[in-house]
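Data first, discussion second: the structure below is written as structure tokens.
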Amino acid sequence: FEQAAIVKVDILFVIDNSGSMGVFQAELASNMNTFMSVFAGMGADYHIAIITTDNPSFRSPGVITPATQDPVGTLSSTISSIGVYGSGIERGLLQAYNSLLSGDAAPGGNFFRQDSTLVIVYVSDEKDYTTYSSPNAWQTYANYYDSIKPPGMVIAHSVVGDYPSGCHWISPYGYTRSIQFGDGYYDQVNYYGGTNYSICAPDWGQQMQSMAQHSVPVLRYELTEDDVIEETIS
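Residues 203 to 436, numbered by the working numbering, are exactly what the sequence shown covers, in order.
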């Protein structure tokens, strides 16, 4: 049995750019070093790109790889430049699908690699509004992802409002704001066995580290012999 020595992941961040997201974009940008340190420790071969919940096109500079000069700084500055002037009707599920169907992230481009694990990360303080017109839209999009990747090679995560009724975010100055449950994102993440992280967490560092660690598939094998001596397994 062989576990690949080089981890290959294609990570698509789908970030809410509506008016209430400034503080959360800042959290994501400031903790990107924690996220990326996990991949650096693994010597991972990664492609990372960023889109928003109202546009399926990559944010400049496009695809970030280990060959990018200062990948961490580039990712952080790209996230910081997204802004909060996007649509207040967030459709992150739809924009990820559009990007992977025929947009910048689609097969045949310089982001998508057939032999890499596809990781989709949704970050939003509201639910996905695609579900208003099509409640099971997430499943339709997942069916497409399953058609372009073998089983086990798609992972989804989210940083959203907690299940089932959202959460309360408390600012460093004591101001409290209610955050909606991340409906839609939550369903797709569960389908792919990923993790739904809380957007209300006071410190995103541990969450970002966990997300990176859970973005790397570890193959499992059924042993062909009974009563093995564990010390002999390598």
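Think of the CB as a built atom: it goes at the ideal place given N, C-alpha and C, for glycine as much as any other residue.
* **Beta-carbon gap between residue 414 and residue 236 smaller than 9 Å** => Within the sequence shown, the letter at position 212 stands for residue 414. Within the sequence shown, the letter at position 34 stands for residue 236. It is a contact, given that the beta carbons lie within the stated cut-off.
* To do: State whether the stretch 229-243 contacts the stretch 293-305, with contact taken as three or more CB pairs (one from each stretch) at a distance under 8 Å.
  => Contact between the stretch 229-243 and the stretch 293-305 is absent: fewer than 3 CB-CB pairs across the two stretches fall below 8 Å.
* **Residue interval of the alpha helix (DSSP H) (run including residue 241)** => For the purposes of this step, residue 241 is taken as the residue at position 39 of the sequence shown. In the DSSP annotation of this structure, the continuous segment of the alpha helix (DSSP H) that includes residue 241 starts and ends at 234-244.
* Which two residues bound the contiguous beta strand (DSSP E) that contains residue 377? -> As a working note, residue 377 is residue 175 in the sequence shown. In the DSSP annotation of this structure, residue 377 is not part of any beta strand (DSSP E), being labelled neither H nor E.
* To do: Output yes or no for whether 9 Å exceeds the beta carbon distance between residue 297 and residue 266.
  => If you number the sequence shown from 1, residue 297 lands on position 95. If you number the sequence shown from 1, residue 266 lands on position 64. Residue 266 is positioned such that its CB atom lies no closer than 9 Å to that of residue 297.
* To do: Could you pull the start and end residues of the beta strand (DSSP E) that residue 450 belongs to?
  => Residue 450 is absent from the model: the chain starts at 203 and stops at 436.
* **beta strand (DSSP E) segment containing residue 286, residue limits** => Locating residue 286 in the sequence shown gives position 84, counting from the first residue. It is not in any beta strand (DSSP E) - residue 286 carries neither H nor E in the DSSP assignment.
* residue 324 and residue 290 closer than 9 Å at C-beta -> Reading the sequence shown from its first residue, position 122 is the one you call residue 324. Reading the sequence shown from its first residue, position 88 is the one you call residue 290. In this structure, residue 324 lies away from residue 290, with their beta-carbon atoms at least 9 Å apart.
* If you draw a straight line from the alpha carbon of residue 306 to that of residue 405, how long is it in whole angstroms? -> Looking up residue 306 in the sequence shown gives position 104. Looking up residue 405 in the sequence shown gives position 203. Straight-line spacing of the CA atoms in residue 306 and residue 405 works out to 32 Å.
* Asked: What are the start and end residues of the beta strand (DSSP E) that includes residue 320?
  -> As a first step, residue 320 must be located in the sequence shown, where it is residue number 118. Run containing residue 320: 319-325, per the beta strand (DSSP E) assignment.
* What are the uninterrupted segments assigned as alpha helix (DSSP H) that are 4 or more residues long and contained completely in the stretch 326-394, given in chain order? -> As far as the stretch 326-394 is concerned, its whole alpha helix (DSSP H) runs of at least 4 residues are 332-335, 339-350 and 387-393.
* Within 9 Å (strictly less), CB to CB, does residue 385 reach chain D? -> Chain labels in this structure do not include chain D; a single protein chain is all it has.
* Asked: Between 269, 386 and 227, which lies nearest to residue 245 when the distance is taken from Cα to Cα?
  -> The residue given as residue 245 occupies position 43 in the sequence shown. Nearest C-alpha to residue 245: 269.
* To do: For the stretch 386-400 and the stretch 342-354, state whether three or more C-beta atom pairs, one from each stretch, are separated by less than 8 Å.
  => The stretch 386-400, when compared against the stretch 342-354, does touch it at the 8 Å Cβ threshold.
* Can you list, in chain order, the residues of its chain whose CB lies under 7 Å from that of residue 407, leaving out five sequence neighbours each side? -> Position 205 of the sequence shown holds residue 407. Only 233 and 236 meet the Cβ criterion.
* **Rounded distance between the beta-carbons of residue 332 and residue 385, thought under 8 Å** => Sequence index remark: in the sequence shown, residue 385 carries index 183 (1-based). Sequence index remark: in the sequence shown, residue 332 carries index 130 (1-based). The beta carbons of residue 385 and residue 332 sit about 10 Å from each other, so the pair does not count as a contact at 8 Å.
* Asked: Would you call residue 338 buried or exposed, if buried means 16 or more other Cβ atoms sit within 10 Å of its Cβ?
  -> The residue you call residue 338 lines up with position 136 of the sequence shown. So residue 338 ends up on the exposed side.
* Measure the beta-carbon distance from residue 321 to residue 218 and round it to whole angstroms, keeping in mind my assumption that it falls under 8 Å. => Taking the sequence shown and counting its residues from 1, one reaches residue 321 at position 119. Taking the sequence shown and counting its residues from 1, one reaches residue 218 at position 16. Going by Cβ atoms, the distance from residue 321 to residue 218 rounds to 18 Å, so no, they are not a contact pair.
* Give every residue of the same chain whose Cβ lies closer than 7 Å to the Cβ of residue 248, excluding the five residues on either side of it in the sequence, and list them in chain order. => Along the sequence shown, one-based indexing puts residue 248 at 46. If we look at residue 248 and ignore the five residues flanking it on each side, its Cβ neighbours are 211, 213, 241, 267 and 268.
* Apart from the five residues on each side of it in sequence, which residues of its chain come closer than 6 Å, Cβ to Cβ, to residue 288? -> Taking the sequence shown and counting its residues from 1, one reaches residue 288 at position 86. Annotation for residue 288: 219, 220, 254 and 256 place their beta carbon closer than 6 Å to its own, counting only its chain and skipping 5 residues before and after.
* Under 9 Å between the Cβ atoms of residue 328 and residue 262? -> What you label residue 328 is simply residue 126 of the sequence shown in a count that begins at 1. What you label residue 262 is simply residue 60 of the sequence shown in a count that begins at 1. Using a Cβ distance threshold of 9 Å, residue 328 and residue 262 do not count as a contacting pair.
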